[in-house]
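**Q** Numbers in our numbering are just positions in the sequence shown, counted from 1, shifted up by 361.
Backbone N, C-alpha and C define an ideal beta-carbon position, used for all residues, glycine too.
Everything numeric in this text was worked out from a predicted model, so none of it was measured.
The structure is given below, and queries will be raised subsequently.
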Amino acid sequence: MESGDWRQAAEEADLEEGRLVEVAVGDRQVLLVRAGGRIHACAAECPHYKGHLARGSLSGYTLTCPSHNARFDLRDGRLLSPPALGDLAVHEVKVERGKVWVRLGEAPRIEMPAGTDDRTLLIVGGGAAGAAAAETLRREGYGGRIVLLTQEPVGPYDRPSLSKDYLSGEAPAKWLPLRGEKFYDRLKIELATGSRVTSLDPRSRTLTLADGSTMRGERILLATGSVALRPPVPGIDLPGCYTLRSLADADALLAALPAGGTVAVLGASFLGLEAASSLRKRGLEVRVVAPEEVPLEKVFGPQIGRRMKAEAEKEGVRFHLGTTAVSVQGNGRARYLVLSDGTHLEADAVLIGVGVRPAVEYLAGSGLAEAGAVPVNARQATAAEGIFAAGDIALFKEASGGPPRRTEHWIEAERQGRHAARAMLGKSPLPREAPFFWTRQHGKSLKYVGYAPVWDRLVFRGNPLEGSFLAGYYVGNVLRAVASLGKDRDRDLIHLGEALEAGRPVSPERFSDPDFDPLELSTGPGRA
362 MESGDWRQAA
372 EEADLEEGRL
382 VEVAVGDRQV
392 LLVRAGGRIH
402 ACAAECPHYK
412 GHLARGSLSG
422 YTLTCPSHNA
432 RFDLRDGRLL
442 SPPALGDLAV
452 HEVKVERGKV
462 WVRLGEAPRI
472 EMPAGTDDRT
482 LLIVGGGAAG
492 AAAAETLRRE
502 GYGGRIVLLT
512 QEPVGPYDRP
522 SLSKDYLSGE
532 APAKWLPLRG
542 EKFYDRLKIE
552 LATGSRVTSL
562 DPRSRTLTLA
572 DGSTMRGERI
582 LLATGSVALR
592 PPVPGIDLPG
602 CYTLRSLADA
612 DALLAALPAG
622 GTVAVLGASF
632 LGLEAASSLR
642 KRGLEVRVVA
652 PEEVPLEKVF
662 GPQIGRRMKA
672 EAEKEGVRFH
682 LGTTAVSVQG
692 NGRARYLVLS
702 DGTHLEADAV
712 LIGVGVRPAV
722 EYLAGSGLAE
732 AGAVPVNARQ
742 ATAAEGIFAA
752 GDIALFKEAS
762 GGPPRRTEHW
772 IEAERQGRHA
782 ARAMLGKSPL
792 PREAPFFWTR
802 QHGKSLKYVG
812 YAPVWDRLVF
822 RGNPLEGSFL
832 AGYYVGNVLR
842 AVASLGKDRD
852 RDLIHLGEAL
862 EAGRPVSPER
872 FSDPDFDPLE
882 LSTGPGRA
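Okay, here's the thing in structure tokens:
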């Protein structure tokens, strides 16, 4: 079907205000929405993981994907918030004699800004924050030189998939790059792969690389992410012990896995538990060793921790909780673990998932790193003029005066990279989004919005031990964060997240009231 053809899509009377309706137009799926007195049409799938936008939410003109909370402007398809990278295709609409007609369009692409700019902007790190910043600089009209330095041999890729679809074998390697080489060439973003930065002179804004070369930028973004930790256990450096932080790490682990073998996972972290899920899909035996009695209890509470443990056990994962590895044994290669309870646990491979630390060694002597992180203000600016930081290394100070926070989640890093890019260009800051992350284990997607490192009251809608649910994390009577499990809770999570961002109160009593509809918290379609 030619994109310029007008095709009948729906009856005008069938489109209620604010209702998201997916229809087939030729061989493409289209989302129709009546909002603000007119009918809009756009692509029906999120460009991230193809989430169905009709299951999402519309607040004002902001369309939110139910899968991972990517946001778009309904009117022009413009990306407002990641994890999606591209904009939505927006289609022309006309109404004639009660029929809605659509002429299909294509998603706009980011173009290289016109004009000249003799500045050089440097981005150190090719992860979520660095990649998002590079693209945002072009989106915001910067036409000068951009150099993105990464010590990895490849350009930016989808790191969250390493412990999920890539490790399970469901995602081939060709799916991992965030963008193709032609994209970076077209936008004149220089990818300096294999470039390890060893020091920074903040006064001159000069980087020194491992090969002795130097590079100076008018603005520098530090986005070097994290380094996987290895516990101080004898034998932990034996061949057969693996971390999972990079694509090379994942490939090394996959190459070593025998069919039907056993993997011991040290640590019940998000990465460790996601990897356990993925390895079970490959038919491997998995044993998880961790000191806590309930996995993820510190993040989600005991009820949800027990639920996720039960889901893993149903899929064949075996846990050794309340214990730690005392040593890794083997004749030249890891063959078994000795645990603190005396258990000898045989394994063909050991995956280390005990956490990460910010990668800030190259900042020694710069005065920018404090206690292993880089303090930044609301504009992602460090203490040094012209130098910014984003992602895992950034210790973010809330403008509201709340306690500083550092997060290690992909979407938050992307968002910070976008905010940093605008700040590097001297543009006014955009409103901050409530932090969001998700973990997928054994076919269950557990999502979290907000920030509640501590709480004194946990309120549920639904039963956390079975079926779908929402969990509200309160300090006093103030809602700080919400967790959800189940597709039927996605919209509720979106609306509650919007309430967190807007500072709209939701009391514990209201949260738990079965008659309360979180849609009441929305600003409504077509209203800002």
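1. Closest to Leu791 by CA distance: which of Asp851, Arg470, Arg520, Thr497 is it?
2. Can you tell me whether DSSP reads Leu682 as helix, strand or coil?
3. Contact between the segment 451–471 and the segment 481–495 is defined here as three or more beta-carbon pairs at a separation below 8 Å; is this criterion met?
4. Which value, in whole angstroms, describes the spacing of the CA atoms of Ala720 and Val588?
5. Do Leu509 and Ile550 have their C-beta atoms within less than 9 Å of each other?
6. How about Gly438 and Asp448: are their beta carbons less than 9 Å apart?
7. So, helix, strand or coil for Thr743, using DSSP?
8. Would you call the CB atoms of Gln777 and Gln741 closer than 9 Å?
9. Given Leu861, which residues of its chain have a CB within under 6 Å of its CB, disregarding the five upstream and five downstream residues?
10. With a Cβ-Cβ cutoff of 9 Å, do Ala553 and Thr511 count as a contact?
11. What are the start and end residues of the beta strand (DSSP E) that includes Pro869?
12. Grouping DSSP H, G and I as helix and E and B as strand, with all else coil, what is Thr497?
13. Excluding sequence positions up to five away, which residues of its chain have a Cβ less than 6 Å from the Cβ of Pro765?
14. Pick out whichever of Asp853, Pro656, Arg643, Gly541 has its Cα sitting closest to the Cα of Phe877.
15. Compute the Euclidean distance between the alpha carbons of Ala732 and Glu722, then round it to the nearest angstrom.
16. For Gln802, which of helix, strand or coil comes out of DSSP?
17. Tell me the rounded alpha-carbon separation between Leu700 and Val624.
18. Residues in the same chain with beta-carbon distance under 6 Å from Gln369, minus the five sequence neighbours each way, listed in chain order, please.
19. Could you give the distance in angstroms between the alpha-carbon of Arg850 and the alpha-carbon of Arg416?
20. Who are Pro736's beta bridge partners in DSSP?
21. Helix, strand or coil: how does DSSP classify Glu653 here?
22. Identify the residues that DSSP records as bridge partners of Pro408: which are they?
23. Assuming Ile705 is part of the beta strand (DSSP E), what are its boundary residues?
24. What is the DSSP secondary structure of Phe877, counted as helix, strand or coil?
25. Report the residue ranges of all alpha helix (DSSP H) runs contained in full by the segment 522–599; include only those spanning at least 4 residues, in chain order.
26. Report back the beta-carbon spacing between Val647 and Leu640 to the nearest angstrom; my notes put them in contact at under 8 Å.
27. Distance, Cα to Cα, Leu528 vs Arg499?
28. Alpha carbon to alpha carbon, what distance is there between Gly683 and Val655?
29. Could you tell me the distance, in whole angstroms, from the CA atom of Pro592 to the CA atom of Ala404?
30. In whole angstroms, give me the CA-to-CA distance for Ser638 and Ser883.
31. Using the beta-carbon count (16 or more within 10 Å), is Gly662 buried or exposed?
32. May I ask you to report which of helix, strand or coil DSSP gives Lys848?
33. Could you tell me which residues DSSP puts in a beta bridge with Tyr809?
34. With Glu372 as the anchor, note down where its beta strand (DSSP E) starts and where it stops.
35. Check for me: the beta strand (DSSP E) holding Ala695 runs from which residue to which?
36. Take the Cβ of Pro444 as the centre, count every other Cβ of all protein chains shown within 10 Å, and call the residue buried at 16 or more, exposed below.
**A** Taking the structure as given:
1. Numbered from its first residue, the sequence shown carries residue 791 at position 430. For the residues Asp851, Arg470, Arg520, Thr497, the minimum Cα distance to Leu791 belongs to Thr497.
2. Locating residue 682 in the sequence shown gives position 321, where the first residue counts as 1. In the three-state reduction of the DSSP assignment, Leu682 falls in the strand class, which pools E and B.
3. Result no; under three Cβ-Cβ pairs closer than 8 Å.
4. Numbered from 1 along the sequence shown, position 359 holds the residue referred to as residue 720. Numbered from 1 along the sequence shown, position 227 holds the residue referred to as residue 588. When rounded, the distance between both Cα atoms is 6 Å.
5. Position 148 of the sequence shown holds residue 509. Position 189 of the sequence shown holds residue 550. Yes. Within cutoff.
6. Mapped onto the sequence shown, residue 438 falls at position 77. Mapped onto the sequence shown, residue 448 falls at position 87. Yes, the pair counts as a contact, with Cβ atoms nearer than the cut-off.
7. As a position in the sequence shown, residue 743 is number 382, starting the count at 1. In the three-state scheme derived from DSSP, where H, G and I count as helix and E and B as strand, Thr743 is classed as coil.
8. Within the sequence shown, numbered from 1, the residue matching residue 777 stands at position 416. Within the sequence shown, numbered from 1, the residue matching residue 741 stands at position 380. Less than 9 Å divides the Cβ of Gln777 from the Cβ of Gln741.
9. Position 500 of the sequence shown holds residue 861. If you ignore the 5 residues before and after Leu861, its C-beta comes within less than 6 Å of the C-beta of Ala795, Gly811, all in its own chain and listed in chain order.
10. Here residue 553 refers to the residue found at position 192 when the sequence shown is read from its first residue. Here residue 511 refers to the residue found at position 150 when the sequence shown is read from its first residue. Cβ atoms of Ala553 and Thr511: closer than 9 Å.
11. As a working mapping, residue 869 is identified with position 508 in the sequence shown. Not the beta strand (DSSP E): Pro869 falls in the alpha helix (DSSP H), residues 869–873.
12. As a working note, residue 497 is residue 136 in the sequence shown. It is helical.
13. As a working note, residue 765 is residue 404 in the sequence shown. For Pro765, where only same-chain residues beyond five positions count, the Cβ hits under 6 Å are Leu756, Lys758.
14. Taking the first residue of the sequence shown as position 1, residue 877 is located at position 516. Measuring C-alpha to C-alpha distances from Phe877 to each of Asp853, Pro656, Arg643, Gly541 identifies Asp853 as the nearest.
15. As a first step, residue 732 is located in the sequence shown; it is residue number 371 there, counting from the start. As a first step, residue 722 is located in the sequence shown; it is residue number 361 there, counting from the start. If you take the alpha carbons of Ala732 and Glu722, they lie about 11 Å apart.
16. The sequence position of residue 802 within the sequence shown is 441, counting from 1. The three-state secondary structure of Gln802, taken from DSSP, is strand.
17. As a working note, residue 700 is residue 339 in the sequence shown. As a working note, residue 624 is residue 263 in the sequence shown. Their Cα atoms are separated by approximately 15 Å.
18. For the purposes of this step, residue 369 is taken as residue 8 along the sequence shown, with counting starting at 1. Close CB contacts of Gln369 within its chain, under the 6 Å cut and outside five residues either way in sequence, are with Lys460, Trp462 (chain order).
19. What you label residue 850 is simply residue 489 of the sequence shown in a count that begins at 1. What you label residue 416 is simply residue 55 of the sequence shown in a count that begins at 1. Computed Cα separation, rounded: 10 Å.
20. Residue mapping note: residue 736 aligns to position 375 of the sequence shown, counting from 1. According to DSSP, Pro736 bridges with Leu756.
21. Looking up residue 653 in the sequence shown gives position 292. Here DSSP, grouped into helix, strand and coil, assigns Glu653 to coil.
22. The residue labelled residue 408 in the question sits at position 47 within the sequence shown. Residue pairing of Pro408 in beta bridges, as defined by DSSP: absent, with no partner found.
23. Indexing the sequence shown from 1 puts residue 705 at position 344. A small fix is needed here, since residue 705 is His in this sequence, not Ile. That run of the beta strand (DSSP E) goes 705–707.
24. Working through the sequence shown from its first residue, we reach residue 877 at position 516. Residue state for Phe877 is assigned as coil, using DSSP reduced to three classes.
25. For the segment 522–599, the full-length alpha helix (DSSP H) segments reaching 4 residues or more read 526–529, 542–547 along the chain.
26. Counting from 1 along the sequence shown, the entry for residue 647 is found at position 286. Counting from 1 along the sequence shown, the entry for residue 640 is found at position 279. About 5 Å separates the two Cβ atoms, so the contact holds.
27. Looking up residue 528 in the sequence shown gives position 167. Looking up residue 499 in the sequence shown gives position 138. Distance between the alpha carbons of Leu528 and Arg499: 33 Å.
28. The sequence position of residue 655 within the sequence shown is 294, counting from 1. The sequence position of residue 683 within the sequence shown is 322, counting from 1. Annotation: Val655 to Gly683 spans about 9 Å, alpha carbon to alpha carbon.
29. Taking the first residue of the sequence shown as position 1, residue 592 is located at position 231. Taking the first residue of the sequence shown as position 1, residue 404 is located at position 43. Whole-angstrom Cα-Cα distance: 47 Å.
30. Here residue 638 is taken as the residue at index 277 of the sequence shown, counted from 1. Here residue 883 is taken as the residue at index 522 of the sequence shown, counted from 1. One Cα belongs to Ser638, the other to Ser883, and the distance between them is close to 35 Å.
31. Position 301 of the sequence shown, counted from the start, is the residue given in the question as residue 662. When all chains shown are included, Gly662 counts as buried.
32. For the purposes of this step, residue 848 is identified with residue 487 of the sequence shown, where counting begins at 1. In this structure, Lys848 counts as helix in the three-state DSSP scheme.
33. As a working note, residue 809 is residue 448 in the sequence shown. Beta bridge pairing from DSSP links Tyr809 with Phe798, Ala844.
34. The sequence position of residue 372 within the sequence shown is 11, counting from 1. Glu372 -> beta strand (DSSP E) spans 367–372.
35. Translated into positions along the sequence shown, residue 695 becomes position 334. Careful: Ala695 lies outside any beta strand (DSSP E) and carries neither H nor E.
36. As a working mapping, residue 444 is identified with position 83 in the sequence shown. The residue is buried, with at least 16 neighbouring Cβ atoms inside 10 Å.
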